[in-house]
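Numbering (the numbering used here), first residue to last: 395 to 935.
For every residue, glycine included, the Cβ atom is placed at its ideal position computed from N, Cα and C.
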Amino acid sequence: MFVTKQSLQFKLGNIRLKQSSAPPRTTRANDPLTRWSQRICQGWSVTQRLPGLRVGLEGCAAAFNAMNSIRTCMHFGTGVPPSFLSLKCSEDIQNVRGRCYSVAGEGCREGEATSSFSALDGVAWFGESRFFEDPFVKCLPLIALENFTVRSKSLFTCRLPPASRLLVGHENFGVSEKYINGNPLDMAEKGNNCADHVVYIPQYGTISSLNVVTSMGVILFYAYLDTHFPASRSLAEDALERLKVAGGNDHLEALVAYQRCFQRCIPSVVDGSSVARVDPRPIHPMYYGKNVNNIIEAHRHLRSSLLEACSRCCHSGRVSAFGLSVLYENDTDMRSLGGIVRSANAFLVDRVFYFGRRKINVIGTVGTQHYTAPTYLRGPPETGANTADGWATWISTIENQLAEEGAPRKWWFLDCGHGFLYADAKQPDGDAAFLHGKSCDSLHSERLRWYTERCSDTSFTLSLCDSEEVLRDAVAEGVLLVVPQEGILPPLPVLQRCERMLTVFTQEHYDEQSPGLPVSVAVGIALQRLSAVMHPFITAL
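Next up, the structure:
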């Protein structure tokens, strides 16, 4: 049924619509937060880094997750576009903001080129047939990404086959039971598509799950790692025994119990014919029924136990912090901070600092801001000290806070693959207003020069695909990860403070035609990989 904006206002009156259901606004052709989508009219990725991998999505019907999932699959170069299993066509994606594209990849006037929906048809498949019924793919193993099931197996204990089908569940309901609890031996039977394997991503926060696209991105990264750099990661099968030998028995039981929940069904209550979770909040089962203050205290104790385990396994003695923090400019791109906080909650992050606008996208945090509270810092532009000395003092403030907590000293810039966006548009003037007496354009050129020069400097860049030993040595003493906004470089003084650039792919696998990764997905991958490398014993729990 077609509903106009006027009739919607008439029916709902002054009721404010949720973000996910609000009618889409008209967007500019060169919106800095959606410019990456100009590349979808080029069709599917020519560079197929994972040619044997297929992705099927049960959910992601809303535009934000749908477009991010397409972009993530394009960046990793899966063999074919992702299949939206519950949708019939591109028009079924909710709240896609209308725009058109030219073949050159630029915005155009109405009616000039291809529309949003026709462009989507080249980068997304719809329905179940190609994912489940195609004779060529039916023989590929089906891997479901799901936790809280007895079949779940930790990502740290298995490798992902290069030719397979990855089934990603609904963002709210997970993978359908028919794909989890059937009998894999009966898959030849018509209509039986039970998963051969069920894999989950270990996490250590109050939240019960990650964002659906972030979860998919982590799995795709490990599939890429196992395909091209299998020696860069070791499995955690024997780490638990080493932890016991190191003397972690006092805290081991509680830590193992926390992780074991991911391999158990979520506690539920039966009321008539309906089955509901004991606690409707998206929190870890160990915190069911507790109020916010009790959860904060219980989680503080869990993190203390994890730090104690790290100390017992660390040759350098007791550690007071996990050694991983984040700095983000929350200005033009205010969507990403919520997802960053959610991933920080899951992956052993000490602090999330942010500056720019104080407001946080609480929809993206899914409640984790109560337990992983981000620290707001008034930047020099807000304090009126937008000078070289003002930025130096501001950076020292962050370093002093980290030093007091025994947290990271090194600053790394996270490259999300947005080089084409940095080069293609004028940057906002967050650091620019008369800093050093230079113009905005001049400062943007300096930022771009900093980025391009260091991208090609092999002594400055570091890849998440590097071996665990290389990453562990580089991350010694901890890291503050400087995260850019979508297609926007951080202020120049912040960039100049960075000692390394962290990339997802190696330089050999860099593709200039890639649309890059969504910021929150890139951060989730980086935090997961770094925390696993920094704390190998914890990964075995």
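- Annotation: the continuous alpha helix (DSSP H) that includes residue 618 extends over 606–622.
- Here residue 598 carries a coil assignment [DSSP, helix/strand/coil].
- Secondary structure of residue 491 (DSSP, three-state): coil.
- Where residue 745 is concerned, the enclosing beta strand (DSSP E) starts and stops at 745–750.
- Sorting 536, 763, 922 and 718 by C-alpha distance to the C-alpha of residue 556 places 536 at the top.
- Contact annotation, residue 649 with residue 614: C-beta distance approximately 28 Å; criterion of less than 8 Å not satisfied.
- Around the beta-carbon of residue 860, 16 or more other beta-carbon atoms lie within 10 Å, marking it buried.
- By the C-beta density criterion, residue 719 is buried, having at least 16 other C-beta atoms within 10 angstroms.
- With at least 16 other beta carbons inside 10 angstroms of its own, residue 922 counts as buried.
- Judged by DSSP in its simplified three-state form, residue 882 adopts strand.
- Looking from the CA of residue 539, the closest CA among 570, 532 and 525 belongs to 570.
- Nearest C-alpha to residue 789 among 526, 448, 592 and 885: 885.
- In the DSSP assignment, residue 863 falls within the unbroken alpha helix (DSSP H) covering 862–868.
- Shown here, residue 573 sits in a helix according to DSSP, grouped into three states.
- Take residue 878, set aside five residues on each side of it, and the residues of its chain with a beta-carbon closer than 6 Å to its own are 884, in chain order.
- Counting along the chain, residue 815 sits inside the alpha helix (DSSP H) bounded by residues 813–818.
- Among the bridge pairs identified by DSSP, residue 450 is matched with 477 and 561.
- When rounded, the separation of the alpha-carbon atoms in residue 435 and residue 902 is 25 Å.
- For the pair residue 743 and residue 766, the Cα-to-Cα distance works out to about 9 Å.
- Looking at the backbone, the Cα of residue 574 and that of residue 528 are separated by about 21 Å.
- For residue 790, the enclosing alpha helix (DSSP H) begins and ends at 782–798.
- Taking each of 730, 521, 491 and 488 in turn and checking the Cα distance to residue 475, the smallest one comes out for 521.
- One alpha carbon belongs to residue 874, the other to residue 751, and they sit about 20 Å apart.
- When DSSP reads this structure, residue 762 sits in no beta bridge, so it has no partner.
- As a beta-bridge residue in DSSP terms, residue 895 pairs with 807 and 855.
- Taking 8 Å as the cut-off, the beta carbon of residue 531 is found no closer than this to the beta carbon of residue 464.
- If you ignore the 5 residues before and after residue 441, its C-beta comes within less than 6 Å of the C-beta of 471 and 905, all in its own chain and listed in chain order.
- A Cβ-Cβ separation of about 6 Å places residue 808 in contact with residue 916 under the 8 Å criterion.
- Residues 418, 487, 488, 489, 490 and 491 of the same chain have their beta carbon placed closer than 8 Å to that of residue 457, with the five preceding and five following residues left out of the count.
- Only buried fits residue 478, as 16 or more other CB atoms lie within 10 angstroms of its CB.
- Assignment of residue 660 by DSSP, reduced to helix, strand and coil, places it in the coil class.
- Straight-line measurement puts the Cα of residue 812 at about 24 Å from the Cα of residue 759.
- Judged by DSSP secondary structure, residue 776 falls within the alpha helix (DSSP H) whose first and last residues are 774–777.
- The bridge partners DSSP lists for residue 568 are 564.
- When C-beta atoms of the segment 600–620 are compared with those of the segment 675–687, three or more pairs fall below 8 Å, so the two segments count as touching.
- Membership of residue 740 in the alpha helix (DSSP H) is indicated by the continuous run 730–740.
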